[in-house]
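At position 72 of the sequence shown the residue is numbered 75 (the numbering used here), and the sequence of numbers has no breaks.
Where a beta carbon is used, it is the ideal one built from N, C-alpha and C, also for glycine.
Following: one structure in structure tokens, then a few remarks.
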Amino acid sequence: MGIGIMGKEGNQASAFADYAVPRFMDLRRILFWHGRAFGIKLNNFGLWCIFKGSIYGCTVWFYNFSNGMSGHHTVDDLYWSMYSVCLTNLSLAFMIVWDHDIDFSKYSQGIQAEAGLPFKMSGFYAMCRDEQKRFMVKFLILFFYAWWCSFILYLIFFQIQAENGGIFGADGRLMGSYLFGTYLVIVAVTVHHLHVGMNIRDWNVAYVCMTLVSYGFLPLILWANNRIESAVVYRSFGYITSQPIFWFMCFFGIIACALPLYAASRIQYVLL
């Protein structure tokens, strides 16, 4: 991105720049307020995209250990195609556009308002710059943690399912591993929204509404998949969700994955 400064010798450059500012001091606001904030959010956007994709795909990979590595895919096509379209990416889009770690309306209205910050903006900029330098370290931590979460989700499902011969409903009907895809998409989407939500700094009514819209696609996709004849769980979602053991698996999987993420985010905020 090019920034041109208007002036006697800079008019031609500013005319062809992406953005033009009338004063040199305007660069301070661009760098310290907008550039710094967007850089941190873009950094997190990349990390969280990798995490949500890894936790979803690696769990399916672990599932193949239980079917002789046949490559059989229990996650229905609609779940698989919509996971990265509307089930998870909307929350990230809302975060990168609207979230702010500093109250712009209170502190960004000039140098005098900025003086009210409990820290120097230059020091905060340096801290955010150093955070971005640690991208690879955070990437490796999240990547291996995603594999660990995937193994835990697989273990929870098959310890309850396979080791006990499956889940029996109140009417004696056996629910086999065909509900693995439904279990996985509910847990993965919920963990993703909790992960994004616990790192949001600027919670307000509008952002709560946007989060509900994003998460609201989950029951919509579950309902639509239940109407597709080629789906693994065609016309059986109501029966699946009527079994308390299914919701216990989902709840236990969500807690097992999200609780360490919450603890890590609180520790990071204290250290920073």
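In chain order, what residues of the same chain have a beta carbon less than 7 Å from the beta carbon of residue i, not counting five sequence neighbours either side?
| i | result |
| --- | --- |
| A20 | G5, I6 and G7 |
| A231 | Reading the sequence as shown, one finds Ile at residue 231 and not Ala. Excluding sequence neighbours, I231 sits near L81 and Y237. |
| Y66 | T77, Y157 and F183 |
| A227 | L81 |
| A149 | F54, S57, I58 and C61 |
For residue i, which residues does DSSP report across the bridge?
| i | result |
| --- | --- |
| I270 | The partner list for I270 (beta bridge, DSSP) is empty, contrary to what the question assumes. |
| I6 | Y22 |
If you reduce the DSSP assignment to three classes, tell me which class residue i lands in.
| i | result |
| --- | --- |
| V24 | strand |
| G56 | helix |
| I258 | helix |
| P263 | helix |
| S217 | helix |
| N228 | helix |
| N207 | coil |
| R238 | coil |
| S87 | helix |
| D79 | coil |
| Q15 | helix |
| Q162 | helix |
| N202 | coil |
Which same chain residues, not among the five before or five after residue i, have their C-beta less than 6 Å away from its C-beta?
| i | result |
| --- | --- |
| V188 | Y82 |
For residue i, which option in the options has the closest C-alpha, if you only look at C-alpha atoms?
| i | options | result |
| --- | --- | --- |
| V78 | T193, W206 and Y186 | Y186 |
| G119 | D106, M130 and Y128 | D106 |
| A234 | Y66, H76 and L50 | H76 |
| I159 | S125, V88 and C260 | C260 |
| F24 | W36, F35 and G10 | The question names Phe, but residue 24 in the sequence shown is Val. Answer by Cα proximity: G10. |
| W36 | F68, G241, R132 and L197 | R132 |
| A96 | A18, I224 and G49 | G49 |
| T214 | M28, S94, F27 and S84 | S94 |
Under 8 Å Cβ to Cβ from residue i, same chain only, skipping five residues before and after it: list those, please.
| i | result |
| --- | --- |
| K109 | A116 and G119 |
| Y22 | M4, G5, I6, G7 and I33 |
Q | Every unbroken alpha helix (DSSP H) inside the region 94 to 158 [4 residues or more] | A | 107 to 110, 114 to 117 and 124 to 136
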